[in-house]
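Residue numbers (this note's numbering): -1 to 129.
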């Protein structure tokens, strides 16, 4: 009977050690966000590990992608609550046609890119598409 208890205790202790190791590894990983640019012509650019910081906005993610060695160029009008993306690389808003629209974690952006704050782990998708 005591051998069974000892074996059971050993199994529980091993599980506890393995679980605590996984938690500490996850806590050591840097907080990031992901950015996908979909040009709507079969081409996409992916930035899979942009460093996240508290207060980071959708616009800040574009700025970070711009600084990447194989980054993007973009243009916008306004600032803060009125910031509007007008162009990424050589693809410019068409007005009544296709335009740059963003989603965060699959949900359409409901405010300006200049004030939409992100959380660590978020995915931002900019897609050139009809509104």
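The beta-carbon is built from N, C-alpha and C at its ideal position, and this holds for glycine as well.
Owing to the predicted nature of the structure, the values given are computational and were not obtained by experimental measurement.
If I follow the unbroken alpha helix (DSSP H) through residue 60, where does it start and stop? 56 to 65
Taking a contact to mean a Cβ-Cβ separation below 8 Å, would you say residue 112 touches residue 79 in this structure? yes
Taking the Cβ atom as the reference point for each residue, do residue 29 and residue 48 lie within a distance shorter than 8 Å? no
By Cβ distance, which residues of its chain are closer than 7 Å to residue 129, with the 5 residues on each side in sequence left out? 97 and 99.
Inter-residue Cα distance where the pair is residue 44 and residue 81: 23 Å
Mark residue 88 as exposed unless 16 or more other C-beta atoms lie within 10 angstroms of its C-beta, in which case mark it buried. exposed
Which residues share a DSSP beta bridge with residue 116? Bridge partners of residue 116: none, in fact.
Check the C-beta distance from residue 34 over to residue 50 and give it rounded, since I have them as a contact under 8 Å. Not really, about 16 Å apart at Cβ, beyond 8 Å.
Residues of its chain near residue 55, where Cβ-Cβ distance is below 8 Å and the 5 sequence neighbours each way are ignored: 111, 112, 113, 114, 115 and 116
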